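Going by this note's numbering, the sequence shown opens with residue 17, and the numbers climb by one from there.
We treat Cβ as the ideally placed atom computed from N, Cα and C, and that holds for glycine.
Bear in mind that the values here come from a model prediction, so they are computed numbers and not experimental data.
This report concerns only the one structure given below.
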Amino acid sequence: MASSDIRTYIKKYVAIDGNFVDDFFGQYDLHTNPNGFVVDLAIAAKWLRTTKGNLKKTLIKTYAHGIDYEITKPFSGRGTGKQEHVLLTPDCFKALCMMSRTEKAKDVRNYYIAAEKSLIMYRNNVMQQLTTRVAQLENNQRGHASRPRRQGVIYVVRASSTLTDMYKIGRTVWAHHRLRSHNRALADDLETVYTYETDCVEDVEVCMKRMLRKLQYRRRKEVYQIDIASLKKVISGCNSACINAVYRARSGATKQDGGYYAVVLPR
């Protein structure tokens, strides 16, 4: 995957800040040497809510020059106005995030964890698809491979090309076929902006629509007015509630009266 592909994939499938994706994953791709100097110290300082000078002091005191970071000195001469350029390896930046006690550093750590989990899932999905395809060819079978009964995809489609934050949501087992059919039925050929794979697609859809009921657009069915970041958190929260319910059922825990789980959105 190229750098642009990584950014597109993470933005579409992971509920993290798109600006973070551009700032960090835009500087390298899967083929970049993990020990390469690719993360700009100035950008790191911005996200950790600290000064470049303080972060540089920590860097020099704790890490090894030429291994964890490099410093490019400005050209000599009058009036150049150039500042030194400090670049870190991705692992060095992650380590700085672990050391930092700022609230924003916690967010950045969570961003990285979520993004890396998503990329691992992407790799595993590709391998699974290849394995399935090989099995189909070997057995000379036609049609799609079967999926677990409740596995599927929650999809979010932009519902209007003129109104902001208007989205249609739904679920499907075969995402690509369903979304192609859905797009053909729309006059504006509107885009799919987010998809989320889950093992309990029906329960996630029910939970999600309950949470968003008050945000439903009156003139259309299953169209909601909400910003995409909050919508992603609702979907992720409903999936977590489903996983917890399955765990409780398997462990023999007693489910609380009413049978519903709350998904609380941060303000």
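What is the rounded straight-line gap between the Cα of residue i and the Cα of residue j?
i                : j              : result
threonine 24     : valine 209     : 10 Å
threonine 88     : glutamate 100  : 6 Å
isoleucine 259   : asparagine 141 : 20 Å
glutamate 218    : asparagine 51  : 43 Å
aspartate 39     : alanine 31     : 16 Å
phenylalanine 41 : glutamine 232  : 34 Å
glutamate 86     : threonine 148  : 45 Å
valine 250       : isoleucine 83  : 41 Å
lysine 184       : glycine 69     : 46 Å
alanine 261      : cysteine 254   : 10 Å
isoleucine 170   : serine 256     : 14 Å
isoleucine 136   : aspartate 56   : 25 Å
threonine 180    : serine 134     : 27 Å
isoleucine 242   : aspartate 123  : 22 Å
serine 252       : arginine 139   : 20 Å
proline 106      : methionine 114 : 13 Å
methionine 224   : isoleucine 244 : 14 Å
Since I believe residue j is in contact with residue i (beta carbons under 8 Å), could you give me their beta-carbon distance rounded to a whole number of angstroms?
i             : j                : result
arginine 187  : glutamate 221    : 4 Å
leucine 112   : valine 172       : Not really, about 34 Å apart at Cβ, beyond 8 Å.
arginine 65   : lysine 110       : About 17 Å; that fails the 8 Å criterion.
leucine 12    : phenylalanine 53 : Nothing about residue 12 can be reported from this structure: the residues present for the chain run from 17 to 283 only.
leucine 71    : alanine 80       : Incorrect: roughly 16 Å between the Cβ atoms, too far for contact.
threonine 211 : lysine 28        : 7 Å
alanine 131   : isoleucine 26    : 5 Å
For residue i, which of the options has the nearest alpha-carbon?
i            : options                          : result
valine 189   : Tyr79, Leu146, Gln167 and Ala175 : Gln167
alanine 126  : Val102, Asp107 and Asp33         : The question names alanine, but residue 126 in the sequence shown is asparagine. For asparagine 126, the nearest C-alpha among the options comes from Asp33.
arginine 226 : Val124, Glu238 and Ile244        : Glu238
Q) Hey, which unbroken runs of the beta strand (DSSP E) at 3 residues or more fall wholly within the segment 67-92? A) 85-88
Q | 4 or more residues per run - each alpha helix (DSSP H) lying fully within the segment 200-261 | A | 217-227
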